[in-house]
Amino acid sequence: MNSDSRGNHYAHLLIAGLLGWVIPGAGHFYIGERVRAAVIFVAVALTFLTGLWVGSVGVIDPVHGKLPYAGQIMNTPAVVAIGHLTRSGHYPVYGRPNEIGQIYTSISGLLNLLCIVNAVYLAQVKRRGQEGATA
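Quick note on numbering: my numbering labels position 75 of the sequence shown as 75, and the sequence is numbered without any gaps.
Okay, here's the thing in structure tokens:
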């Protein structure tokens with residue numbers, strides 16, 4: 001494999017990973033795993049939206065909830081925009097709804113991180129399979 005081919009290969013893996021972060025399941029869609037992409041999108045989105053429904057948008061709190069925010073940010077870069085909105089403290093959430101909402105939104109982010117890693121892995125395996133077939 002020459003250096004130009006290697007660069008294209010790494011770009012392919014990077015695109016699969018970034019797409020999977022921007023839109024859950026998009027990395028799998030990019031590599032041709034359409035059904036898996038739909039399942040990932042529905043699972044991650046419903047888990048994240050359930051957390052927002054239980055605790056409101058205030059559960060995304062980059063100031064007071066740094067640990068849950070680290071998991072939440074794995075959902076999509078849009079979480080950064082929501083975190084910027086809630087940074088002012090105008091969306092307070094207390095007690096059990098806050099905890100449950102943070103748990104759901106964080107778990108959905110960690111689930112999406114696993115799916116991103118899987119998309120990059122599958123892109124690697126598929127690319128190697130194509131190279132082996134042409135060699």
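Ideal placement from N, C-alpha and C gives every residue a C-beta, glycine not left out.
- For secondary structure counted as the beta strand (DSSP E) over 3 or more consecutive residues, the stretch 21-90 holds no complete run.
- For GLY20, the closest C-alpha among the options ALA70, GLY58, ARG127, LEU114 is that of LEU114.
- Residue state for VAL125 is assigned as helix, using DSSP reduced to three classes.
- DSSP, reduced to helix, strand and coil, places VAL120 within a helical segment of the structure shown.
- The three-state reading of DSSP puts PRO92 in coil, since its state is none of H, G, I, E or B.
- Taking each of LEU110, ARG127, GLN124, ARG128 in turn and checking the Cα distance to ILE40, the smallest one comes out for LEU110.
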